[in-house]
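Trainee: Going down the list, the sequences are from chains A and B. According to this note's numbering, the first sequence is numbered sequentially starting from 417. According to this note's numbering, the second sequence is numbered sequentially starting from 571. Idealized CB from N, CA, C, for every residue including glycine.
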Amino acid sequence: MFKLLRYFTITSLIAFVLVAVLLGLYFRRTVLEEITIAAESKNVALTQTFANSLWPEFVPFVNTAQQIPAEELPNHPEIARLHQAVTNQMRGSSIIKVKVYDLNGLTVFSTEAAQIGENKWDNAGYQAARAGQVASELTFRDTFSAFEGEIEDRNVLSSYVPLRQGNNANTPIEGVIEIYDDVTPLVSQLNQAQRNVIVSVIAILTLLFFALFFIVQRADKIIRQQHAEVSQRATEMANLARENARLYADAQREIAERTMAEQALRTSEERFRQVIISINDHVYMTEISASGDSVNHYLSPNVALLTGYPYENFANNWEFWPSTVIHPDDRSLAEVQLARFAQGEDSEVEYRLVKADGDIVWVRDNGRAVRDADTGNITVYGVVSDITGRKQAEQALQEAYDQTATASLLKSRLLANVSHDIRTPLGAILGYTEMLKSGIYGDFNEEQHTVGQYIIASTEELVGFVNNLIGQAEIESGKIVLNSAPFAPEELMAVIQSTAQSLAYAKNLQLVQHIEPTLPSPLMGDLYWLRQILINLVSNSVKFTRQGTVSVRFYPSGTTHWAIEVSDTGPGIPPESQAQIFEAFQKLDTPTSGWQTTGSGLGLSIVRELTHQMGGRIELVSEPEQGTTFTIILPLIYPQSDAK
Amino acid sequence: MSVPTPQYLALVIEDDPRQTEIFAQALRMAGFNTETIADGQSALRRLAEVTPALVLLDLQLPGASGETILTTIRADDRLTETRVILATANPHMADSLRAESDLILIKPISFIQLRDLATRLRPPDTLGNV
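1. Over what stretch of residues does the beta strand (DSSP E) that includes isoleucine 1034 of chain A continue unbroken?
2. Against chain A, with Cβ distances strictly below 7 Å, would phenylalanine 681 of chain B count as a contact?
3. Got a sec, what are the start and stop residues for the alpha helix (DSSP H) tyrosine 725 of chain A sits in?
4. Is the shortest distance between the beta-carbon of isoleucine 592 of chain B and the beta-carbons of chain A less than 7 Å?
5. Are the beta-carbon atoms belonging to alanine 979 of chain A and proline 938 of chain A less than 7 Å from one another?
6. What are the partner residues of arginine 570 of chain A, as DSSP defines its beta bridges?
7. Kindly say whether methionine 940 of chain A, judged by its beta-carbon, lies nearer than 7 Å to any beta-carbon of chain B.
8. Taking its Cβ as the centre, do 16 or more other Cβ atoms sit within 10 Å of tryptophan 537 of chain A, making it buried, or is it exposed?
9. Do you know offhand how far valine 696 of chain A's Cα is from serine 824 of chain A's?
10. Buried or exposed: glutamine 753 of chain A, going by 16 or more other Cβ atoms within 10 Å of its Cβ?
11. How many whole angstroms separate the CB atoms of aspartate 802 of chain A and valine 765 of chain A, which I take to be in contact at a CB cut-off of 8 Å?
12. Go ahead and label proline 1055 of chain A buried or exposed: buried means 16 or more other beta carbons lie within 10 angstroms of its beta carbon, across all protein chains shown.
13. Going by CA-CA distance only, name the one from B:Arg616, B:Arg692, B:Ala613 and B:Leu626 that's closest to serine 671 of chain B.
14. Hey, alanine 529 of chain A and proline 490 of chain A: beta-carbon distance below 7 Å or not?
15. Does the beta-carbon of histidine 698 of chain A have 16 or more other beta-carbons within 10 angstroms, so that it is buried, or is it exposed?
16. For histidine 499 of chain A, which beta-bridge partners are listed by DSSP?
17. Quick one: what's lysine 515 of chain A bridged to in DSSP?
18. With a cut-off of 8 Å on the beta carbons, I'd call phenylalanine 602 of chain B and leucine 579 of chain B a contact; round off their distance for me.
19. What separation, rounded to the nearest whole angstrom, lies between the Cα atoms of histidine 492 of chain A and threonine 452 of chain A?
20. From which residue to which residue does the beta strand (DSSP E) around arginine 648 of chain B run?
21. Under 8 Å between beta-carbons, which chain B residues line up against methionine 851 of chain A? List them in chain order, please.
22. Do you know whose CA, among A:Ser763, A:Gly440, A:Ile845 and A:Glu863, lies nearest isoleucine 614 of chain A's CA?
23. Specify the secondary structure class of serine 510 of chain A as computed by DSSP and reduced to three states.
24. Pairing CB atoms from the segment 503 to 521 of chain A with CB atoms from the segment 586 to 602 of chain A, are three or more of them under 8 Å?
25. Hey, is valine 879 of chain A's beta-carbon within less than 7 Å of any beta-carbon in chain B?
26. With 7 Å as the threshold, decide whether the Cβ of threonine 689 of chain B is near any Cβ in chain A.
27. Quick one: which residues of the segment 831 to 858 of chain A get their C-beta closer than 9 Å to a C-beta of chain B? List them in chain order.
28. Quick one: does arginine 644 of chain B have its CB under 7 Å from some CB of chain A?
29. Give me the residue from A:Leu522, A:Asp558, A:Gly565 and A:Leu579 with the minimum Cα distance to alanine 547 of chain A.
30. Phenylalanine 681 of chain B and glutamate 877 of chain A: beta carbons closer than 7 Å?
31. Please compile the residues from chain B whose C-beta is within a distance smaller than 8 Å of the C-beta of glutamine 814 of chain A.
Here it is, written out as C-alpha cells:
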C-alpha cells in the first residue's frame, strides 16, 4: 500500500536537514566574507598608518637588505629596532603579526624572527599585492607565534597589502606588508550566530513539518479513504466482471445444451420418421373440433403407398380419405367410427379402401381419442394397417373351417347311420342265433351249440367295436354330454349279459357278478356311458384271460365314492406298459405280453376319458401271470354337466 | 320251464320284420300274448283300443315317432299300468326318455336278455284267469 506519511516524513526530514545545513553554510560563508572584508579594511587602514608612520623607517633597510646575506638578516641590528617600533605601534590592537617583503619577495622583516630571510615570491597573495591588489586569507591556526609569544586556537586573517610612499596610490609600490589580524572573537560570534540560525531554521522547519505532517496525514486519510472506496469499487467491478463471465459461460453452456437438444430432437425426429416409414402402417393424427371440423395434423408418408394417391391429396384435405378412398359400401362404418371418435371414444374398425388403380385393400383403422381438457377438442392418434393378407387368410381359414365342419357333420351323420344300419342286422344275427340255440327250431347237438356260441360272441365283439368307434368319435368331437339320472346298480350290471357272457361261456371262463348290499340304490349317473365303461373293461378281461375267473364287483368306496372293480386271472400287464394302455389305438401286441392282437385299441382310452369326465379315477393293479384288476372310482353324486 | 298260460298282452311296435319276430318270440317265452305293429300310426290306433301290460317300442318308426307313442301312453290314464321297453339303435335317442320308460335296450338286443327282463316285468299271474 502507498505509505504517503512515511515517504513524506522521510523526504521532508531529509530536505529540512539539508535546507538547515545549506542555510547555515550559506550564512556562515556570507558572514565570513563580511568578516574578511571588514578585517581586510582594517588591515588596509593599518597599512596606511604603517606607511605613513613607520614605512619611511623601513625603506632604507629594505633597500639594503638585498645586499645582506640571508642568514645574517634576522640578526641585523635594524631588525630589533624595527621590531620595537612595530610592536609599539600595534600594541593594543588585534594585530598579532606583521611581515614586510621587498619587491623581490624577500622577507625583510617579521615579528616572528625565524621567518626573516624567507622568499615569498611564489606566493599568490604576495604577487597580488605586488600588482597593487590587496589579498586576504582567513585561516584557523592551532598554534600561532604572536608578538607576545605562542597562542593557540586562533582564527587569523592575513592580508598582503602593497606599500607605497605616503600611501599615495599614484606612487610606485615600494614593498609589501603582510598583517595578521586575530579575528577569533568575530568568528566565535559568527559560530554562535550560525548555531542560532540553524536552530531557528530547524525550529521553523519542524513547525512547518508538523503542520505539513498533519496536512499530509489528513490527505493520507482522505487518500486512503478514497483508495478504499476505489478498491471497493474495483472489487465490485471485478465481481461484476466475474459475474458477467459466469453469466456468459452459463449462456454459452445453455446455447450448447440447446444446440445439443435441438440436434437430439432432430435425430429423434429423423428416427421417428424412419420408424414411421419402415412400418408399413399409415399413422395419422387428426383433430376434431367441438364444431365437428376435422383437420389432419400429421399423416405419415405411407398413406401414399397404401392408397396410391399422392400425399398432397390428403395433407390439407381431410375429406379426401372418407369421400374418395374408403370403399363406398364401407363408408357407413367409417362414419360410425368418426362419431365414436367425436365422443372421445377409442375405436377400431376394419374396412376396405379403393386404391388409385382400383385395387381393393382391407385395412384396420385403430384410433385412440384424447380429449383436450381446455379446448374440448378431440385428437385422434390412429394407425391404419393393411390387413388384406390377413383377411384373405381368414377367408381361406373360414372356408376350410366350413368345409371341416361340414365334413365333421357328415362324419357324425355317417357314423349314426352306420351305427343304426349295423345294429339292426346284428340284432337279427344275435337274436336268431340265440333262438336257434334255445331249441325253438329244434334241438342243437353239442357242435351246433358251440358254433352258435361263436356266432354270438363274434356279434358281441362287433357290437363292442361299433360302440367304441362311435364313442371315440364323440369324445374327439367333444360332443360327449353326460346326462345324470338315477339308475339301479343291477341295471348297469345287466349289460354284461348281452356283451360278455357269451364269450366267457365260450372260453369256459367263470364270470362272477357281485353288488355289495351296502351300495346305495339308485345311483346317479349317465347309464349309457357307464355301460360303455363296464363293457370295455369286462370285454378286455374276458378277451385276454385264457382260464380262470373274471369277476365284476360294485361297492361303496368310503362315504363319498363308489367303485366298479373288474379283475381277472389273465396274463397281467407288464409295469413298463401300464402307462401306455390308456392311449387311443394303443395295443400291447409284443409276443411276451401274452395279449392277443384283437380289438380296436380304443376301449381303455374311452374308459379313461369317460371316467375323467365323470369326475372319477382309474386304478390299475397288475403283475405278469398274476392277473389284472381295474378299479373305477366315481363320486356318488358327480357334478352335473351342463344340459343341452 | 312250463310255458305259462298267456293272459297279458304285449305289443311289439317295430318296423323291421326280423327284429319283430325275435322280440315277439322272446316276449311269448316270457309269458305274454303278443301282437306286432310295424308303423307309428297303426300303433297309436291300436293303443286306443287295447290295454297292453307291456309295450316294446322301437324309437325309429315310420308314421309316428316312438317318442310320440311313449308320450301318448304316459298321458293315457287307462295305460298307467303298462310297462314300456324302449328299443333303439341310437343310444342317445333314449337319453331324454329314461324317466318315462321302464327299460331301455340298445340294439342289437339279446333274445335271452329280453326274455329274462320281460319275465321280470310281467305282472304276477292271477288265479281264475288261468
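Mentor: This is what the structure gives:
1. Unbroken beta strand (DSSP E) run through isoleucine 1034 of chain A: 1033 to 1039.
2. Cβ-Cβ to chain A under 7 Å: yes for phenylalanine 681 of chain B.
3. Annotation: tyrosine 725 of chain A is outside any alpha helix (DSSP H) and is labelled neither H nor E by DSSP.
4. For isoleucine 592 of chain B, the closest Cβ of chain A is nearer than 7 Å.
5. For alanine 979 of chain A and proline 938 of chain A, no; Cβs fall outside 7 Å.
6. Answer by DSSP bridge pairing, in chain order: A:Arg557.
7. Taking 7 Å as the CB threshold, methionine 940 of chain A stays off the interface with chain B.
8. Flag for tryptophan 537 of chain A reads exposed.
9. Checking the displayed sequence, the identity of residue 696 of chain A turns out to be asparagine instead of valine. If you take the alpha carbons of asparagine 696 of chain A and serine 824 of chain A, they lie about 40 Å apart.
10. When all chains shown are included, glutamine 753 of chain A counts as buried.
11. Their Cβ separation, rounded to whole angstroms, is 14 Å, which puts aspartate 802 of chain A and valine 765 of chain A out of contact at 8 Å.
12. In this predicted model, proline 1055 of chain A has a pLDDT of only 43, less than 50, meaning its place in the structure is not dependable enough to derive any value.
13. If we check each option's Cα against that of serine 671 of chain B, B:Leu626 comes out closest.
14. Yes.
15. Flag for histidine 698 of chain A reads buried.
16. According to DSSP, histidine 499 of chain A bridges with nothing at all.
17. In the DSSP assignment, lysine 515 of chain A is bridged to A:Ser526 and A:Glu594.
18. Taking C-beta atoms under 8 Å as the contact rule, phenylalanine 602 of chain B and leucine 579 of chain B qualify, at a distance of about 7 Å.
19. Those two C-alpha atoms are separated by around 34 Å.
20. Looking at the DSSP string, arginine 648 of chain B is not in any beta strand (DSSP E), and its letter there is neither H nor E.
21. The contacting residues are Ile592, Gln595 and Phe681.
22. When each option's Cα is compared against that of isoleucine 614 of chain A, the closest is A:Gly440.
23. Three-state DSSP puts serine 510 of chain A in coil, outside helix and strand.
24. Touching, yes.
25. For valine 879 of chain A, the answer is yes, since a Cβ of chain B falls inside 7 Å of its Cβ.
26. No, threonine 689 of chain B does not count as interfacial toward chain A.
27. Near chain B, meaning a CB-to-CB distance below 9 Å, the residues of the segment 831 to 858 of chain A are Ala832, Ser835, His836, Asp837, Ile838, Arg839, Thr840, Pro841, Leu842, Gly843, Ala844, Ile845, Leu846, Gly847, Tyr848, Thr849, Glu850, Met851, Lys853, Ser854 and Ile856.
28. So no, arginine 644 of chain B is outside the interface.
29. For the residues A:Leu522, A:Asp558, A:Gly565 and A:Leu579, the minimum Cα distance to alanine 547 of chain A belongs to A:Leu579.
30. Contact flag unset, no.
31. Simply none; closest approach about 30 Å.
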